[in-house]
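**Student:**
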Amino acid sequence: MDSLNPDLPPMTVTPAAPRVWKFWGTAVWGLLIFVAMFLGQVGAILYLAWDRGDPLDLMSIQRVGREPAALALSVTMGLPATLAAVWLAIRIKKASFVDYLALHWPSWKQMLFGAIGLVLIVVAWETMSRSLGREATPGFMTDLLKSGRDKGAAVMLLFAFSVAAPMSEEVLARGFLFRGWSASFLRVPGAIILSSLVWTVVHLQYDMYFLAEVFSIGLWFGYMRYRANSLWLTIVLHALNNLTAVVLTMWLGN
Numbered sequence: 025m026d027s028l029n030p031d032l033p034p035m036t037v038t039p040a041a042p043r044v045w046k047f048w049g050t051a052v053w054g055l056l057i058f059v060a061m062f063l064g065q066v067g068a069i070l071y072l073a074w075d076r077g078d079p080l081d082l083m084s085i086q087r088v089g090r091e092p093a094a095l096a097l098s099v100t101m102g103l104p105a106t107l108a109a110v111w112l113a114i115r116i117k118k119a120s121f122v123d124y125l126a127l128h129w130p131s132w133k134q135m136l137f138g139a140i141g142l143v144l145i146v147v148a149w150e151t152m153s154r155s156l157g158r159e160a161t162p163g164f165m166t167d168l169l170k171s172g173r174d175k176g177a178a179v180m181l182l183f184a185f186s187v188a189a190p191m192s193e194e195v196l197a198r199g200f201l202f203r204g205w206s207a208s209f210l211r212v213p214g215a216i217i218l219s220s221l222v223w224t225v226v227h228l229q230y231d232m233y234f235l236a237e238v239f240s241i242g243l244w245f246g247y248m249r250y251r252a253n254s255l256w257l258t259i260v261l262h263a264l265n266n267l268t269a270v271v272l273t274m275w276l277g278n
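In our numbering, the protein residues as written are 25 to 278.
#1: Helix, strand or coil for K133? Go by DSSP, reduced to three states.
#2: Within 8 Å, do at least three Cβ pairs link the stretch 124 to 139 to the stretch 249 to 261?
#3: Which one of W244, L97, W223 and G172 has the shortest CA to CA distance from F200?
#4: Would a C-beta distance cut-off of 8 Å place A189 and V99 closer than the cut-off?
#5: What does a CB cutoff of less than 7 Å around L181 pick up in its chain, not counting 5 residues either side in sequence?
#6: Could you tell me the alpha carbon to alpha carbon distance between K175 and A263, rounded to whole angstroms?
#7: Start and end of the alpha helix (DSSP H) containing D174?
#8: Can you tell me whether DSSP reads W275 as helix, strand or coil?
#9: Out of T166, F137, E150 and F239, state which residue places its alpha-carbon closest to the alpha-carbon of V260.
#10: Which same chain residues end up closer than 6 Å to W275 when comparing Cβ atoms and leaving out the 5 residues on each side of it in sequence?
#11: Quick check on DSSP: helix, strand or coil for L261?
#12: Would you report the Cα separation of V44 and G64, rounded to the nearest angstrom?
#13: Starting from L127, trace the alpha helix (DSSP H) both ways and give me its first and last residue.
#14: L142 and N265 - do their beta-carbons sit closer together than 8 Å?
#15: Tell me whether P79 sits in a helix, a strand or coil according to DSSP, three-state version.
#16: Just verifying my parser: in three-state terms, what is the DSSP assignment at A40?
#17: Inspect the beta-carbon positions of L210 and L218 and report whether they are closer than 8 Å.
#18: Taking the C-alpha atoms as reference points, what is the distance between D81 and A178?
#19: What are the start and end residues of the alpha helix (DSSP H) that includes S98?
#20: Are R198 and T258 close, meaning C-beta to C-beta below 8 Å?
#21: Whole angstroms is fine: what's the gap from E194's alpha carbon to K133's?
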């Protein structure tokens, strides 16, 4: 009973439902976000082909898309498309963009811990690659980066693979997908695994060996996203990983 009015029972406050997409909502929106990313990337190639007066057919698109500068622009244009689609999905839920994606800056201890773990994983795969006589970097990526360096597109490629790609992929995988799936029946472990699988699928241009490496790194990123509650942490780790690979490949290339 209400102590101020004995005739009325005390009021109870029903907690508001969390403003987050659950399993299927996250899955559907995740697909739409990926499509938006893809359209942003393809749109850049189509624009370049149109600007040159090339016919907008499959052969022209493939020819333009193999050029280092064009590919760099394509990867870069996937970022605004991804952010726009994610913003729309979160806006519909009337949730905070920053809180939904955990865009909180991590502590230096968390950053250091995440970096050490990433280095150990990369070194382990590097050692395994050497023992198996495999390339540490996929051959087509090595050729692309060397070609870009020789054709004056090094800075564009560096930005595309070390800034735009990590942000796009992390916002989708460890940001939007992890947030929704971790609030579903999957809970945190399932969200880490499934979001890592999706992130791995995005890299299907690699063979199974490199896909296994991508998946293992994705698991670490997912754990750090959960541990630090910070998407910025995984964006930075992802960017550092790509930056190191791009710089070393260009620098070691003859």
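Here a beta-carbon is modelled for each residue, glycine too, at the ideal position from N, C-alpha and C. Please read all numbers here as calculations on a predicted model, not as lab measurements.
**Tutor:** So, from the data block:
#1: helix
#2: yes
#3: W223
#4: yes
#5: P92, A96, L169, G172 and V270
#6: 23 Å
#7: G163 to D174
#8: helix
#9: F137
#10: none
#11: helix
#12: 25 Å
#13: Per DSSP, L127 belongs to no alpha helix (DSSP H) and is neither H nor E.
#14: yes
#15: coil
#16: In this prediction, A40 has a pLDDT of 46, which is less than 50 and means its spatial position is unreliable; what the coordinates show is noted afterwards. Here A40 sits in coil by DSSP.
#17: yes
#18: 28 Å
#19: P92 to I116
#20: yes
#21: 21 Å
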